[in-house]
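Asks: Shown below is the structure under consideration.
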Amino acid sequence: MNFRFHNLLGAPYKGGNAIISGNSHLISPVGNRVSVTDLIKSETVTLPCESSSNISKIAVSPDRNFLISVDEKNRCLFINLRLRVILHRISFDKPVSAIKFSPDGALIAIGTGKLLQIWRSPGFRKEFFPFELIRTFADCNGAVTALDWSPDSNYVMAGSKDLAVRVFCLKKLNGFNKPYLFLGHRDTILGVFFCTDKTSGEVSRVYTISRDCLICSWRFVGNEGKADDLQGQISDPPSPGTPKQRPSGDDNGNVHGSTKKRHRFDGNLDEECEFNLHRGKWELVRKDNFMQAPAKLTACDYHRGLDLVVVGFSNGVFGLYQMPDFVCIHLLSISREKITTAVFNELGNWLTFGCAKLGQLLVWEWRSESYILKQQGHYFDVNCLAFSPDSQLLATGADDNKIKVWTTSSGFCFVTFSEHTNAVTALHFMAGNNCLLSASLDGTVRAWDLFRYRNFRTFTTPSSRQFVSLAADQSGEVICAGTLDSFEIFVWSMKTGRLLDVLSGHEGPVHALTFSPTNAILASSSWDKSVRLWDVFEGKGAVETFTHTHDVLTVVYRPDGKQLACSTLDGQIHFWDPIDGLLMYTIEGRRDIAGGRLMTDRRSAANSTSGKCFTSLCYSADGSYILAGGSSKYICMYDIADQVLLRRFQITHNLSLDGVLDFLNSKKMTDAGPLDLIDDNDSDVEEGIDKQTRSKLAYNLPGSMPNNGRPVVRTKCLRIAPTGRSWAAATTEGVLIYSIDESFVFDPTDLDMDVTPEAVDTALSENQHQRALLLSLRLNEDSLIKKCIIAVNPADIPSAASSIPFRYLQRLIEAFADLLENCPHLEFILRWSQELCKAHGHLIQQNSRSLLPALRSLQKAITRLHQDLADTCSSNEYLLRYLCSTGTKN
Numbered sequence: 001m002n003f004r005f006h007n008l009l010g011a012p013y014k015g016g017n018a019i020i021s022g023n024s025h026l027i028s029p030v031g032n033r034v035s036v037t038d039l040i041k042s043e044t045v046t047l048p049c050e051s052s053s054n055i056s057k058i059a060v061s062p063d064r065n066f067l068i069s070v071d072e073k074n075r076c077l078f079i080n081l082r083l084r085v086i087l088h089r090i091s092f093d094k095p096v097s098a099i100k101f102s103p104d105g106a107l108i109a110i111g112t113g114k115l116l117q118i119w120r121s122p123g124f125r126k127e128f129f130p131f132e133l134i135r136t137f138a139d140c141n142g143a144v145t146a147l148d149w150s151p152d153s154n155y156v157m158a159g160s161k162d163l164a165v166r167v168f169c170l171k172k173l174n175g176f177n178k179p180y181l182f183l184g185h186r187d188t189i190l191g192v193f194f195c196t197d198k199t200s201g202e203v204s205r206v207y208t209i210s211r212d213c214l215i216c217s218w219r220f221v222g223n224e225g226k227a228d229d230l231q232g233q234i235s236d237p238p239s240p241g242t243p244k245q246r247p248s249g250d251d252n253g254n255v256h257g258s259t260k261k262r263h264r265f266d267g268n269l270d271e272e273c274e275f276n277l278h279r280g281k282w283e284l285v286r287k288d289n290f291m292q293a294p295a296k297l298t299a300c301d302y303h304r305g306l307d308l309v310v311v312g313f314s315n316g317v318f319g320l321y322q323m324p325d326f327v328c329i330h331l332l333s334i335s336r337e338k339i340t341t342a343v344f345n346e347l348g349n350w351l352t353f354g355c356a357k358l359g360q361l362l363v364w365e366w367r368s369e370s371y372i373l374k375q376q377g378h379y380f381d382v383n384c385l386a387f388s389p390d391s392q393l394l395a396t397g398a399d400d401n402k403i404k405v406w407t408t409s410s411g412f413c414f415v416t417f418s419e420h421t422n423a424v425t426a427l428h429f430m431a432g433n434n435c436l437l438s439a440s441l442d443g444t445v446r447a448w449d450l451f452r453y454r455n456f457r458t459f460t461t462p463s464s465r466q467f468v469s470l471a472a473d474q475s476g477e478v479i480c481a482g483t484l485d486s487f488e489i490f491v492w493s494m495k496t497g498r499l500l501d502v503l504s505g506h507e508g509p510v511h512a513l514t515f516s517p518t519n520a521i522l523a524s525s526s527w528d529k530s531v532r533l534w535d536v537f538e539g540k541g542a543v544e545t546f547t548h549t550h551d552v553l554t555v556v557y558r559p560d561g562k563q564l565a566c567s568t569l570d571g572q573i574h575f576w577d578p579i580d581g582l583l584m585y586t587i588e589g590r591r592d593i594a595g596g597r598l599m600t601d602r603r604s605a606a607n608s609t610s611g612k613c614f615t616s617l618c619y620s621a622d623g624s625y626i627l628a629g630g631s632s633k634y635i636c637m638y639d640i641a642d643q644v645l646l647r648r649f650q651i652t653h654n655l656s657l658d659g660v661l662d663f664l665n666s667k668k669m670t671d672a673g674p675l676d677l678i679d680d681n682d683s684d685v686e687e688g689i690d691k692q693t694r695s696k697l698a699y700n701l702p703g704s705m706p707n708n709g710r711p712v713v714r715t716k717c718l719r720i721a722p723t724g725r726s727w728a729a730a731t732t733e734g735v736l737i738y739s740i741d742e743s744f745v746f747d748p749t750d751l752d753m754d755v756t757p758e759a760v761d762t763a764l765s766e767n768q769h770q771r772a773l774l775l776s777l778r779l780n781e782d783s784l785i786k787k788c789i790i791a792v793n794p795a796d797i798p799s800a801a802s803s804i805p806f807r808y809l810q811r812l813i814e815a816f817a818d819l820l821e822n823c824p825h826l827e828f829i830l831r832w833s834q835e836l837c838k839a840h841g842h843l844i845q846q847n848s849r850s851l852l853p854a855l856r857s858l859q860k861a862i863t864r865l866h867q868d869l870a871d872t873c874s875s876n877e878y879l880l881r882y883l884c885s886t887g888t889k890n
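Each residue of the sequence shown is one higher than the last, beginning at 1 in UniProt numbering.
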């Protein structure tokens with residue numbers, strides 16, 4: 001039961017700014033969560049922290065320890081990136097359009113509405129209110145849209161919708177506190193950047209970029225009235241109120257060309273600024289246009305070390321320019337939609353682009369012109385899931401007509417199949433992990449080769465049909481698919497692709513098919529209120545029919561084939577004995593799945609009875625419990641023998657989705673209906689985050705979006721991994737993966753006063769390894785068990801394996817599977833596994849149902865290591881042959 005959120009797959013990038021922390025960690029918002037991708041190791045994880053709505057802005061501290069995220073409801077989370085926990089929360093009164101940490105990490109600049117606020121950055125200290133507002137600048141006449149810090153963390157430059165750029169100083173400016181203004185733009189400012197001189201390290205230029213594809217270069221030409229400027233030219237006398245340049249330091253905190261240390265902010269606002277930018281003079285050096293009209297500039301970034309500017313436009317074109325001469329290095333089109341984020345990495349060799357309309361993130365190396373990362377989630381809802389037999393792969397099919405295959409350990413999609421021309425409705429992995437079957441509404445069932453990544457067989461019908469269910473027998477010889485329109489089940493031969501039979505009898509859409517794990521009996525469920533069993537090989541037609549009082553939505557076999565579970569439209573789960581044809585149990589789940597009220601509902605969630613049913617079921621690996629999900633924000637876990645609810649998982653807390661709240665806020669109710677459903681036509685969508693919900697439902701008929709296009713939270717498919725240690729749910733948010741973290745579980749068995757960790761250490765010190773192993777198994781402490789396994793001598797493994805009682809076999813096999821993933825002693829653990837199978841083979845075979853999850857975990861670990869070693873050996877084959885040949889000659 002100790003399943004915890006592990007990862008989120010298949011969710012599209014919906015908007016917001018992406019960040020590359022350090023040089024290789026891509027951090028991007030995914031709905032109301034944050035995804036972290038390691039570009040070197042090709043691994044992606046999703047932080048378990050959830051915001052109350054979709055995230056619009058994120059920022060990372062310079063030391064990479066903290067992440068700050070702001071959602072559409074102006075709620076801010078301060079997250080510890082290393083521990084992945086929320087440290088602090090705060091809410092702002094107005095929308096946050098820009099946020100950035102200072103270079104020293106002590107301050108945070110936040111543009112909220114027309115205000116520029118400077119906050120002290122919280123740390124690891126325990127404080128009652130860690131967020132402290134240092135200063136507020138209210139000089140802007142429009143909403144703040146862009147921010148940048150000077151390298152010494154004493155100046156903040158802000159651009160706003162009033163077409164002006166202002167430079168603010170945190171310290172007193174000798175009685176003059178007005179900011180310096182840069183004027184000349186004719187559209188909203190989207191980017192402001194300080195530029196430092198490469199030789200002196202001082203601020204020498206400022207770049208300002210506006211939405212009308214215009215970039216202005218400003219040069220600092222005067223310093224305290226000196227005769228010559230930074231470029232050796234004669235400067236005009238300084239005018240009152242013009243900023244003066246302040247020297248910046250290197251990474252060690254020393255001012256270039258001076259022995260004075262960098263002046264860092266210490267919280268004292270009354271102290272005068274030693275170096276300032278208000279006594280000098282700025283001049284407009286050049287004004288350049290990116291020449292992309294009528295497209296608008298939508299994203300930009302600047303790399304201070306390389307003096308490069310990258311810009312993205314609303315027509316999907318991006319440009320890379322060398323400054324200050326404005327030399328175009330690259331000008332390429334990567335999309336037909338608007339680029340919503342563009343950012344450099346720390347070294348400046350990688351460019352990251354995000355397109356919210358397509359849900360796509362790209363990382364491109366501009367020097368070699370090659371892709372580092374090209375990930376795109378399912379743009380429409382995921383309909384179906386399928387785990388590979390070894391649990392290493394996960395296939396997903398969605399309404400966007402695509403099939404994606406993911407590696408569960410890394411969270412990366414390594415292949416996408418797009419041959420289907422309509423929504424993919426069902427998936428099934430064949431034995432051996434090398435073949436994947438898919439059914440679609442386009443009237444085809446396709447077989448995919450996961451070695452060559454091609455569609456090697458297509459199953460069709462004489463007349464076009466819409467397939468919504470799929471199943472294959474254990475041998476892989478027969479493929480069955482159920483239809484939505486003709487209410488038939490079609491049977492094909494896998495080897496020849498010929499249509500063998502058409503099973504008729506249902507009077508409604510056949511929405512679920514499943515073969516018995518022990519024989520060739522096919523079970524089908526339909527909206528005609530029945531579950532039918534078919535003998536496919538004998539051709540006898542329906543051999544058994546289980547009738548219900550409501551439409552049957554799904555059906556699934558228990559892993560041992562001795563029980564059948566189906567859910568009906570009235571919210572009940574029925575358990576049948578397929579051999580005797582008897583009803584065993586019935587679970588009333590309508591109240592368990594109840595929760596969440598739609599914006600258009602006239603009743604509260606507690607009183608509403610519509611849609612409270614389970615549409616997807618899946619048994620655990622040992623068949624002791626069952627997971628159920630449907631049109632609700634909850635996924636329920638039931639104990640089958642006792643018919644009790646064990647746990648409810650809430651799949652999301654994202655208020656951007658409909659059906660999450662149980663009670664609607666009466667303050668947001670108007671005469672025209674809920675305030676969230678009223679379309680604000682005056683909103684400027686060019687500058688914020690695009691609302692993806694309308695385009696996601698664009699395939700619906702006009703007037704078919706009663707909740708203003710807000711997606712409704714629901715679960716379409718549930719699957720448990722064959723190892724039993726994780727399960728996946730296809731939800732509105734994406735594919736949620738939950739797994740078991742055994743390191744936090746302590747389950748002592750068979751304890752007495754003498755069974756202690758000290759007794760285990762004593763037995764190890766006396767070379768009584770078998771006794772120490774038995775004591776550690778009785779304690780059931782993971783670290784002690786692994787320590788005792790490693791301590792056994794290789795020659796004593798057969799005797800130690802035969803002395804293990806049967807009740808400890810599952811725990812020992814689980815320890816072997818964990819050791820194979822983290823321990824370098826491969827041959828030693830394999831020897832243990834071999835001797836354990838020799839000593840207890842008959843018991844393992846007799847109790848395969850209870851040991852199945854542990855055995856599959858061990859098989860998964862062995863398979864992964866076998867593939868890694870095979871790749872390593874094949875790559876070093878020539879070297880091995882050479883070494884062998886030189887050894888024989890000597």
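Every residue gets a Cβ at the ideal spot worked out from N, C-alpha and C, and that includes glycine.
When burial is assigned at 16 or more other CB atoms within 10 Å of the CB, is L869 buried or exposed?
Replies: Under this definition L869 is an exposed residue.
Asks: Taking S2 as the reference, which of F456, L646 and L583 has the closest Cα?
Replies: The sequence given here places Asn at residue 2; Ser does not occur at that position. Checked all of F456, L646 and L583; the closest Cα to N2 is L646.
Asks: Could you check which residue in R714, V167, K198 and P179 has the C-alpha nearest to that of T208?
Replies: It is V167.
Asks: The alpha helix (DSSP H) spanning A398 covers which residue range?
Replies: No alpha helix (DSSP H) contains A398, which is instead part of the beta strand (DSSP E) from L393 to A398.
Asks: Return the chain-ordered list of same chain residues with a C-beta closer than 7 Å to the C-beta of N383, the five sequence neighbours on each side being excluded.
Replies: Excluding sequence neighbours, N383 sits near G397, A398, D399, A423, V424, T425, K716, C717 and A730.
Asks: Please list the segments of the beta strand (DSSP E) lying wholly inside the region 95 to 146, counting only runs of 3 or more residues, in order along the chain.
Replies: Counting only runs of 3 or more, we get 96 to 101, 107 to 112, 115 to 120 and 132 to 137.
Asks: Could you spell out where the alpha helix (DSSP H) holding S616 opens and where it closes?
Replies: S616 -> not in any alpha helix (DSSP H); beta strand (DSSP E) instead, spanning F614 to Y619.
Asks: Go ahead and pull the three-state DSSP assignment for N822.
Replies: Of the three classes helix, strand and coil, the one that applies to N822 here is helix, per DSSP.
Asks: Specify whether the region 307 to 321 and the region 342 to 354 touch according to this definition: at least 3 beta carbon pairs, one from each stretch, less than 8 Å apart.
Replies: The region 307 to 321 vs the region 342 to 354: in contact.
Asks: Answer yes or no: do A728 and L393 have a C-beta to C-beta separation smaller than 8 Å?
Replies: Cβ distance not < 8 Å, so A728 and L393 don't count as in contact.
Asks: As a quick exercise: from L499, S51 and L564, pick the residue whose alpha carbon is nearest that of L617.
Replies: Among L499, S51 and L564, the Cα nearest to that of L617 is on L564.
Asks: Whose CA, out of R205, Q643, A628 and S21, lies closest to the CA of V556?
Replies: The residue with the shortest Cα to Cα distance from V556 is A628.
Asks: For the candidate residues C636, P509 and L582, whose alpha-carbon lies nearest to that of A594?
Replies: The option with the nearest alpha carbon to A594 is C636.
Asks: Give the secondary structure of A295 by DSSP, where H, G and I count as helix, E and B as strand, and everything else as coil.
Replies: It is coil, neither helix nor strand.
Asks: Which of helix, strand or coil does DSSP assign to W492?
Replies: Strand.
Asks: Output the boundary residues of the alpha helix (DSSP H) element that contains R597.
Replies: Unbroken run through R597: none, as it is neither H nor E.
Asks: Do you know whose CA, among N434, P462, A164 and L441, lies nearest D449's CA?
Replies: Selected option, being the one with the closest Cα: N434.
Asks: Looking at the structure shown, is A870 part of a helix, part of a strand, or coil, going by DSSP?
Replies: In the structure shown, A870 sits in a helix (DSSP, three-state: H, G or I).
Asks: Just grab the DSSP bridge partners of N289 for me.
Replies: Paired residue(s): L214.
Asks: Reducing DSSP to helix, strand and coil, say where Y379 ends up.
Replies: Here Y379 sits in coil by DSSP.
Asks: Whose C-beta lies closer than 6 Å to the C-beta of E544 among residues of the same chain, with five residues either side of it excluded?
Replies: Same-chain partners within the cutoff: L533 and G581.
Asks: On the three-state DSSP scale, how would you describe R452?
Replies: R452: coil per DSSP, three-state reduction.
Asks: I'd like the list of long-range same chain contacts for C613, defined as Cβ closer than 6 Å, with 5 residues on each side in sequence excluded.
Replies: Cβ neighbours of C613 beyond the five flanking positions: L569, G571 and G630.
Asks: Among the candidates C788, E202 and I844, whose CA atom is the shortest distance from the CA of L809?
Replies: Comparing Cα positions, the closest option is I844.
Asks: Please state the DSSP three-state secondary structure of S588.
Replies: First, the amino acid is wrong: residue 588 is Glu here, not Ser. Residue state, collapsed to three classes: strand.
Asks: Determine the direct distance from the alpha carbon of A721 to that of W218, and round the result to whole angstroms.
Replies: Looking at the two C-alpha atoms, the distance is approximately 59 Å.
Asks: Could you check which residue in P151, R446, L214 and G142 has the C-alpha nearest to that of S200?
Replies: Considering only alpha carbons, the answer is P151.
Asks: Using only alpha-carbon positions, find the residue among T723, L170 and A158 that is nearest to T188.
Replies: T188 has its Cα closest to that of A158, out of T723, L170 and A158.
Asks: Report the three-state DSSP secondary structure of C49 (helix, strand or coil).
Replies: If DSSP states are grouped into helix, strand and coil, C49 belongs with coil.
Asks: For chain C, find out if any of its Cβ atoms is closer than 8 Å to the Cβ of L147; answer yes or no.
Replies: No chain C appears in the structure shown, which is made up of a single protein chain.
Asks: Are the CB atoms of A146 and G184 nearer to each other than 8 Å?
Replies: Contact flag unset, no.
Asks: Measuring only the C-alpha atoms, how far is C195 from V221?
Replies: One C-alpha to the other measures close to 14 Å.
Asks: For a test of the three-state rule: what should DSSP assign to E781, helix, strand or coil?
Replies: In the structure shown, E781 sits in coil (DSSP, three-state: anything other than H, G, I, E or B).
Asks: Where D551 and D528 are concerned, what is the direct C-alpha to C-alpha distance, given to the nearest angstrom?
Replies: Going by the C-alpha atoms only, they are around 6 Å apart.
Asks: Which same chain residues end up closer than 6 Å to S874 when comparing Cβ atoms and leaving out the 5 residues on each side of it in sequence?
Replies: Counting only Cβ-Cβ distances below 6 Å, and skipping sequence neighbours, we find nothing.
Asks: Along the alpha helix (DSSP H) that carries E365, what are the first and last residues, could you check?
Replies: Here E365 belongs to no alpha helix (DSSP H); instead the beta strand (DSSP E) covers Q360 to E365.
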